[in-house]
Amino acid sequence: MKEKEPVRKHILVSGRVQGVGFRYSTYYLAQNLGLTGWVQNLDDGRVEMELQGDEADMNKLFRRLEQNSFIDITDCVVKQIPTERESSFHVR
């Protein structure tokens, strides 16, 4: 069976997502799920990230983030973008 091609998504997340461990929770979940990319805070209170890997794993990451009682995601703007050559996930 052919392995699925990875996808890459640029995501802007709104809500209570700064000062609640969102970036480091994303970092650890992404590493555990085998996703690559990055995450960073924006000056306007949102969090920006790029995730690359299996789409089902990206969905798992967001389901787990939403289980965190400190994090409250109210909106996500998602755009699929071209994949990149990278081998890790990091916090910017």
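Counting along the sequence shown from 1, when you hit position 37 you're at 584 in my numbering, and nothing is skipped either side. Just so you know, even glycine gets a beta-carbon here, dropped at the ideal spot from N, CA and C.
> Do Tyr574 and the ligand ATP come close, with the Cβ less than 7 angstroms from some heavy atom?
Replying inline: Absence of the ligand ATP is noted for the structure shown, with no ligands found whatsoever.
> Among residues of its own chain, excluding the 5 on either side of Leu612, which ones have a beta-carbon nearer than 8 angstroms to its beta-carbon?
Replying inline: Phe569, Ser572, Thr573, Leu576, Ile618, Ile620
> Under 8 angstroms, do Leu608 and Leu580 count as touching if we go by C-beta distance?
Replying inline: yes
> When the Cα atoms are used, what is the spatial distance from Glu552 to Asp601?
Replying inline: 8 angstroms
>> Measuring only the C-alpha atoms, how far is Val629 from Asn615?
In response: In the sequence as displayed, the identity of residue 629 is Pro instead of Val. Their backbone Cα atoms lie some 30 angstroms apart in a straight line.
>> Using C-beta distances below 7 angstroms, list every residue in its chain close to Val625, excluding the 5 sequence neighbours before and after it, in chain order.
In response: Lys556, Ile558
>> According to DSSP, Met596 sits in a beta bridge with which residue or residues?
In response: Ile558, Val586
> Looking only at DSSP bridge pairs, what is Val638 linked to?
Replying inline: Val586
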